[in-house]
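Trainee: Sending over a structure as structure tokens; questions will come in a sec.
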Amino acid sequence: MIKIENLVKLFGSKRAVDDVSFTVGKGEVLGFLGPNGAGKSTTMRMITGFIPPDSGSIRIGEFDMLTDPIRAKQTLGYLPENAPLYTDMTVYGFLNFAAELRGLRGAERKKAVQSAVETCFLESVIHQNVDTLSKGFRHRACLAQSILHDPEYLILDEPTDGLDPNQKHEVRSLIRNMGKRKAIIFSTHILEEVLEVCTRTIIIDRGAIVANGSPAQLKAMHPDFGSVLITVRNVPEADLREKLKTLPTAAQIETVKNKEEAVTLRVYPKDKKSSGLSVQVAELAIQSGWRFDELHTDDGRLDEVFRAITLPDTVKKSKKEGPVITVNV
Amino acid sequence: MNLAVRNIYTIAKRELGAYFTSPVAYVFIVIFLILAGVFTFPLSDFFARNEASLNAFFFWHCWLYLFLVPAVGMRLWSEERRLGTIELLLTMPVTGWQAIVGKFLASWLFLGLALALTFPMLITVNYLGNPDNGVIFCGYLGSFLMAGAYLAVSCLTSAITRSQVVSFILSVVLCLALVMAGWPPLNDMLSQWFSSGVINAIASISVMTHFSQFQRGIVDSADIVFFLGLIFFCLFTTGVVIRSYRAG
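First to last, the sequence lines map onto chains X and R.
Numbers in my numbering are just positions in the first sequence, counted from 1, shifted up by 405.
Numbers in my numbering are just positions in the second sequence, counted from 1, shifted up by 4.
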């Protein structure tokens, strides 16, 4: 388990990381979200022992990163931001170097390098010099380095940055598979990635955690979560509203679109947690003989939740952008 | 093998490999050998001296190293910082000093190799006359130690910046100060204003003063301690610089 408590990092007078605490257990994939400059990389650099925190504690399994860094680092794999590599080495040379520093020797090292190369699809460039590689290959070479020693804990800073869609898909499924046995923290800008890979998500903004929960929980913070959208043809809007109002679980009704013969309405439930509203709307539509094109329950949108949480207050007020979302951390 | 030794060995091996996979190593060695030859033979009138010694050869080393050693050492840490690999290296299970020592030893070994390749000089004087090979060996030992001291200074300046050029210039300036402190013309000038005690104190921090002992064939423990102490001090300071860089 990775356990971070009250982590603080100051750069000058700026609190880059401000009292961040969380834990990640084995079998968990924690998505670390946040706008640029929110403190994601700084937090990860502290967890991996690259920069010391100003205060707080970092425990990697049974080892404390601050008092026993070598043993803590042995159990960690780390992919730094922008995947740095020694450009004067071949991929094979680089991986062997990393494996040796990880304490792997002889046949054990060969096997580790071989399996990391296979996992990260590097066979075709293994004897190529690093500075001749494309960005995707560089990224995967650095990723291979982080999993060489089959670490219990993995910290990946933007592991899919610069990859093409196919490679992104591969890396995501790799993370998901490894996440079954390991504790993984990875940062990303890509929200769909979070939904696809993470078991839990933390959103960090201006150094502090502003949301912490499963992707589904975060999506549920959206004001439209649980509302039912229905598009009906050839029925006047007023009639539709009239009938829908009679539903016992329906709260307010909003018009989304009223164009030509099709009317789209959004029906909000009285209680967000109950899920019966869509069935009731469907039954009502059938009873009333409405011809409906569309009927579905909105399960919230992570990007809007993200925007609402991380936009500076001043921007929110002046632009009136995004839904108003209240956050309980 | 002890874990620390193994880590130092692994890092040094990579660093040494990095010299030889780029043309830097070969260019450096060729330039070093040509300059050493030019300084020794035409510039110092090696043959006209009619001496069976390598004084003419060693005399120039503190000036020769002034530019060549910073060229070798300038990339040690600045390159790590520029590429971001410092983050990779220092999040591996190695300590900061293992990385510093490993990188330093690799470069020192490289300089030692370049110095060893001047062996034709040794053969020449032995062919032409009967030199005191003990004195020559002392000269080589002193030269190697002096190269190490210059290199440690370069190691320190390369940790300060991510630019190799800045690192090189800083290193040349610092090394120049280390030479000049013992340069007789400067000392003569300073003697107009300062007492001989002060002059001696200034001269004693000069690599020139300590190296000249070796050239005469004298291995004084004080001189060895000076060079090793200077190396230790610079590497220790490198560690402090890197730690403060990490701390932000």
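For every residue, glycine included, the Cβ atom is placed at its ideal position computed from N, Cα and C.
Please read all numbers here as calculations on a predicted model, not as lab measurements.
Check the Cβ-Cβ distances between X:Leu490 and every residue of chain R, and say whether any is below 8 Å.
Mentor: Output row for X:Leu490: interface = yes.
Trainee: With distances taken from CA atoms, which of R:Gly201, R:Gly138 and R:Ile203 is nearest R:Gly221?
Mentor: Cα-wise, what sits closest to R:Gly221 is R:Gly138.
Trainee: Counting only beta-carbon atoms, is X:Thr537 nearer than 8 Å to chain C?
Mentor: The structure shown contains no chain C; its protein chains are X and R.
Trainee: Looking at the secondary structure, which residues open and close the beta strand (DSSP E) in which X:Gln533 lies?
Mentor: Unbroken run through X:Gln533: none, as it is neither H nor E.
Trainee: Pairs of beta-carbons, one from the region 432-440 of chain X and one from the region 590-608 of chain X, closer than 8 Å: are there three or more?
Mentor: Touching, yes, given that three or more Cβ pairs across the two stretches are closer than 8 Å.
Trainee: Evaluate R:Ala251 with the Cβ neighbour count: other Cβ atoms within 10 Å of its Cβ, from every protein chain shown; 16 or more gives buried, anything less gives exposed.
Mentor: With fewer than 16 Cβ atoms within 10 Å of its Cβ, R:Ala251 is classed as exposed.
Trainee: Return the CA-CA distance between X:Val425 and X:Thr453, expressed in angstroms with no decimal places.
Mentor: Cα-Cα distance, rounded: 15 Å.
Trainee: Tell me which residue opens and which closes the beta strand (DSSP E) that R:Leu20 is part of.
Mentor: Note, R:Leu20: premise wrong, no beta strand (DSSP E); alpha helix (DSSP H) at Leu7 to Thr25.
Trainee: Over the uninterrupted beta strand (DSSP E) stretch that includes X:Lys585, give me the two end residues.
Mentor: Element bounds for X:Lys585: n/a, residue is neither H nor E.
Trainee: Taking only beta-carbon atoms, is X:Pro457 less than 8 Å away from chain R?
Mentor: Yes, its Cβ sits closer than 8 Å to a Cβ of chain R.
Trainee: In three-state DSSP terms, what is R:Gln168?
Mentor: Residue state, collapsed to three classes: helix.
Trainee: Residues in the region 96-117 of chain R with C-beta within 9 Å of chain X's C-beta atoms, listed in sequence order?
Mentor: Cβ contacts with chain X: Met96, Pro97, Val98 and Thr99.
Trainee: Residues in its own chain within less than 8 Å of R:Ser210 by CB, not counting five upstream and five downstream?
Mentor: So the qualifying residues of the chain are Leu182, Val183, Met184, Ala185, Gly186 and Trp187.
Trainee: Just to confirm, is the Cβ distance from R:Cys179 to R:Trp81 under 8 Å?
Mentor: Cβ atoms of R:Cys179 and R:Trp81: not closer than 8 Å.
Trainee: Can you give me the C-alpha to C-alpha distance between R:Phe215 and R:Ala153, rounded to a whole angstrom?
Mentor: R:Phe215 and R:Ala153: Cα-Cα distance of roughly 11 Å.
Trainee: Consider the Cβ of X:Val650: report whether some Cβ of chain R lies at a distance smaller than 8 Å.
Mentor: Checking the displayed sequence, the identity of residue 650 of chain X turns out to be Lys instead of Val. Judged by the 8 Å Cβ criterion, X:Lys650 is not in contact with chain R.
Trainee: Whole angstroms are fine: how far does the CA of X:Val615 sit from the CA of X:Val633?
Mentor: If I take the Cα positions, the gap works out to 28 Å.
Trainee: Since X:Gln572 contacts X:Gly612 with CB under 8 Å, what's their CB separation in whole angstroms?
Mentor: Their Cβ separation, rounded to whole angstroms, is 31 Å, which puts X:Gln572 and X:Gly612 out of contact at 8 Å.
Trainee: Against X:Tyr483, what residues of chain R qualify as contacts under a CB-to-CB distance less than 9 Å, listed in chain order?
Mentor: Glu91, Leu92, Thr95 and Met96, listed in chain order.
Trainee: X:Ile658 by DSSP, collapsed to three states: which one?
Mentor: Residue state, collapsed to three classes: strand.
Trainee: For the region 468-529 of chain X, list the beta strand (DSSP E) runs that are entirely contained and at least 3 residues long, ordered along the chain.
Mentor: For the region 468-529 of chain X, whole beta strand (DSSP E) runs of length 3 or above, ordered along the chain, are 481-484.
Trainee: What did DSSP end up calling X:Lys624 once you bin it into helix, strand or coil?
Mentor: Helix at X:Lys624.
Trainee: Cβ atoms of R:Trp64 and R:Phe43: under 8 Å apart, would you say?
Mentor: Taking 8 Å as the Cβ cut-off, R:Phe43 and R:Trp64 qualify as a contacting pair.
Trainee: At what residues does the alpha helix (DSSP H) containing X:Ser462 begin and finish?
Mentor: Counting along the chain, X:Ser462 falls outside any alpha helix (DSSP H), though it belongs to the beta strand (DSSP E) covering Ser460 to Ile465.
Trainee: Would a check of beta-carbon distances place X:Thr453 closer than 8 Å to chain R?
Mentor: By this cut-off, X:Thr453 is an interface position.
Trainee: Along the chain, where does the alpha helix (DSSP H) containing X:Ile595 start, and where does it finish?
Mentor: That residue, X:Ile595, is in no alpha helix (DSSP H); it is neither H nor E in DSSP.
Trainee: Take X:His532 and list the residues in its own chain whose beta-carbon comes closer than 8 Å to its own, dropping the five residues that flank it on each side.
Mentor: So the qualifying residues of the chain are Thr495, Val496 and Tyr497.
Trainee: Rounding to the nearest angstrom, what Cα-Cα distance links X:Gly694 and X:Leu649 in this structure?
Mentor: In a straight line, the C-alpha of X:Gly694 is about 13 Å away from that of X:Leu649.
Trainee: Determine whether the Cβ of R:Leu87 lies closer than 8 Å to any Cβ atom of chain X.
Mentor: Closer than 8 Å: yes.
Trainee: Rounded to a whole number of angstroms, what is the C-alpha to C-alpha distance between X:Leu682 and X:Glu665?
Mentor: One C-alpha to the other measures close to 27 Å.
Trainee: Taking only runs that begin and end inside the region 59-143 of chain R, name each unbroken alpha helix (DSSP H) of 4 or more residues, in chain order.
Mentor: Counting only runs of 4 or more, we get 59-63, 65-77, 79-87, 89-94, 100-120 and 123-132.
Trainee: Is the shortest distance between the beta-carbon of R:Arg18 and the beta-carbons of chain X less than 8 Å?
Mentor: By this cut-off, R:Arg18 is an interface position.
Trainee: Scan the region 629-711 of chain X and note each continuous beta strand (DSSP E) run of 3 residues or more that stays entirely inside, going in chain order.
Mentor: Listed in chain order, they are 633-638, 655-664, 667-674 and 696-702.
Trainee: Leaving aside the five residues before and after R:Ala16 along the sequence, list all residues of the same chain whose C-beta is less than 6 Å from its C-beta, in chain order.
Mentor: Same-chain partners within the cutoff: Gly106, Leu109 and Ala110.
Trainee: What distance in whole Å lies between the Cβ atoms of X:Glu523 and X:Thr565, which are believed to be in contact at a cut-off of 8 Å?
Mentor: About 19 Å separates the two Cβ atoms, so there is no contact after all.
Trainee: Pop quiz: R:Asn79 and R:Gln168 are said to be a contact at Cβ under 8 Å. What is the actual Cβ separation, rounded to whole angstroms?
Mentor: Here the sequence assigns Arg to residue 79 of chain R, which means Asn is not the residue at that position. Yes, R:Arg79 and R:Gln168 are in contact; Cβ-Cβ is about 5 Å, under 8 Å.
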